[in-house]
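Residue 40 is where the sequence shown starts when you use my numbering, and the numbers rise one by one after that.
Built from N, CA and C at the ideal position, the CB exists for glycine as well.
Note that the structure is predicted; figures quoted are calculated from it, not measured.
Here the structure is laid out as structure tokens; the discussion comes afterwards.
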Amino acid sequence: MALIVQKYGGSSVKDTDRIKNVAKRVAEYRQKGDQIVVVVSAMGGGTDNLI
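Next comes the structure, spelled out in structure tokens:
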């Protein structure tokens, strides 16, 4: 079992299809028994809306 840290930028979570892809990747690591830490940025363009 490994500890995996993954970071996904805004373009990786900018729409539902991409979010599902991230979730699939996370699930694959969990199914292998790895521990996983996921760091996710704001959705694409989200940070710009805060400014």
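Quiz prompt | Sub-8 angstroms separation of residue 74 and residue 40 beta-carbons | solution = yes
Quiz item: Roughly how many whole angstroms lie between the Cα atoms of residue 47 and residue 68?
Solution: 15 angstroms
Quiz item: Run through DSSP, which three-state label would residue 90 get?
Solution: coil
Quiz prompt | residue 78 burial status per 10 Å Cβ neighbour count (16 or more: buried) | solution = exposed
Quiz item: Could you give the residue range of the alpha helix (DSSP H) that holds residue 63?
Solution: 55-70
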